[in-house]
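The structure appears below as structure tokens.
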Amino acid sequence: MLLCHPANQTKTGAFLEAVLQAHQLETGTSYSLFQQVYANTSILASDTWAKRTWSKLDSLSIHLEFDSPSLQLLRRGDQLLVDLFIDSLVDQLTLKWLNWCRIFLHAVTLSDILNADGTAITLKAWKGLRADSRSDRSFSQLDWWEQRNMEVDFKAQS
Numbered sequence: 001m002l003l004c005h006p007a008n009q010t011k012t013g014a015f016l017e018a019v020l021q022a023h024q025l026e027t028g029t030s031y032s033l034f035q036q037v038y039a040n041t042s043i044l045a046s047d048t049w050a051k052r053t054w055s056k057l058d059s060l061s062i063h064l065e066f067d068s069p070s071l072q073l074l075r076r077g078d079q080l081l082v083d084l085f086i087d088s089l090v091d092q093l094t095l096k097w098l099n100w101c102r103i104f105l106h107a108v109t110l111s112d113i114l115n116a117d118g119t120a121i122t123l124k125a126w127k128g129l130r131a132d133s134r135s136d137r138s139f140s141q142l143d144w145w146e147q148r149n150m151e152v153d154f155k156a157q158s
């Protein structure tokens with residue numbers, strides 16, 4: 001019943017789509033929440049009814065297809081940061097910390113934190129400073145939520 005709403009373009013369908021897109025941005029992967037591997041990325045998602053549904057579906061080995069826009073790679077050779085972290089086989093706590101940093105910086109892709117020729121991390125990203133104006137090349141066009149101040153965390157990891 002719930003899955004009929006997006007196809008029928010109801011308000012409930014729009015809400016469901018918004019929740020799933022927010023989770024996708026939060027986890028930083030190219031897959032919709034229900035298509036992600038729960039064991040890999042559940043640590044990155046807030047505890048919501050959608051995450052609990054995802055957990056239950058995973059425990060029952062139920063695969064749910066939900067058509068949702070994916071995070072886009074806009075530059076040639078670009079990669080999603082979370083995919084890079086997972087491919088690097090970082091442990092779950094490191095993955096969670098790296099994701100907090102990514103969210104604070106409003107970064108989705110590698111090019112969001114690299115200089116124009118892709119040879120180095122920008123000074124702002126390195127210092128844990130978010131791009132703050134549209135004149136910054138890496139300024140995100142996505143609708144991000146408020147994130148706790150990470151200045152202390154960035155200094156602790158430097």
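Numbering-wise (the UniProt record's numbering), the sequence shown opens with residue 1 and increments by one.
All residues carry an ideal CB built from backbone N, CA and C; glycine is no exception.
Backbone CA spacing between residue i and residue j [nearest angstrom]
i: Phe34; j: His23; result: 10 angstroms
i: Lys124; j: Leu57; result: 40 angstroms
i: His106; j: Leu60; result: 34 angstroms
i: Leu98; j: Leu114; result: 16 angstroms
Contact belief for residue i with residue j at Cβ below 8 angstroms, rounded distance in angstroms
i: Arg75; j: Ser30; result: Contact flag wrong, Cβ pair sits at about 15 angstroms.
i: Leu81; j: Thr109; result: 6 angstroms
Limits of the alpha helix (DSSP H) - the one that residue i falls within
i: Ile121; result: Neither: Ile121 is in no alpha helix (DSSP H) and is coded neither H nor E.
i: Tyr38; result: 38–41
i: Ser59; result: 49–59
i: Thr29; result: Run containing Thr29: none; DSSP gives neither H nor E here.
Contact check, residue i vs residue j, beta carbons under 7 angstroms
i: residue 212; j: Phe66; result: Outside the shown range of the chain (1 to 158) lies residue 212, about which nothing can therefore be said.
i: Ala50; j: Val19; result: yes
i: Phe85; j: Leu95; result: yes
i: Ala45; j: Glu17; result: no
Environment of residue i [buried if 16+ CB atoms lie within 10 Å]
i: Thr122; result: buried
i: Trp126; result: exposed
i: Arg52; result: exposed
i: Gly28; result: buried
Min CB distance residue i to chain C below 7 angstroms
i: Leu114; result: Of the protein chains in this structure there is only one, and it is not chain C.
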